[in-house]
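Novice: Have a look at the structure that comes next, please.
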Amino acid sequence: MYPEHLLVPFRQELTEAGFTELKTADAVDEHFKDHKGTSLIVINSVCGCAAGTARPGVKMGLKLTDKAPDNLMTVFAGGDIDATAKVREYHLPYPPSSPSIVLFKDGELVHMVERHHIEGRSAEVIGNHLADVFEEYC
């Protein structure tokens, strides 16, 4: 687990863009209880691909379309251990991956961008991809 003071700026990059943090497993379960609509959940990370492409790409994707998810949520791998584990249960059969970007609709997983889809790609590529995903599902 990372010291919280190291995570603050990485957390703020998403919360300042309108994301709500889910910090406990109970908060994740509560979010999905009777879930309706769409939820984008970013599994945030301290790694370079989270900083360089995942977080900027998510923010860009939201700006590129009028069809944004109803809920913008985030958990932090290496910080919100139980909450991250619980989100990963919801995104099975995909394996644990951080950073990753997961879209749910009416409680069902409809799209996932895993770390290997993020690494080596630009924020623009991720943003454009997510905008297309939002157009389809939101």
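Its first residue numbered 2, the sequence shown is counted upward by one per residue in this note's numbering. For each residue, glycine too, the CB sits at the ideal point set by N, CA and C. The model shown is predicted, which means the values in this text are computed figures rather than measured ones.
1. DSSP puts Leu-110 in a beta bridge; with which residues?
2. Fully enclosed by the stretch 72 to 103, which alpha helix (DSSP H) runs are 4 residues long or longer?
3. Closest to Phe-105 by C-alpha separation, out of Ser-98, Thr-39, Lys-64 and Phe-77, would be which residue?
4. Starting from Ile-42, follow its DSSP beta bridges and name the residues at the other end.
5. If you reduce the DSSP assignment to three classes, tell me which class Glu-14 lands in.
6. Quick one: is Pro-96 buried, meaning 16 or more other Cβ sit within 10 Å of its Cβ, or exposed?
Specialist: Judging by the given coordinates:
1. Paired residue(s): Phe-105.
2. Runs found: 82 to 91.
3. Considering only alpha carbons, the answer is Thr-39.
4. Under DSSP, Ile-42 forms a beta bridge with Met-74 and Val-103.
5. In the three-state reduction of the DSSP assignment, Glu-14 falls in the helix class.
6. Counting Cβ neighbours within 10 Å, Pro-96 comes out exposed, since fewer than 16 surround it.
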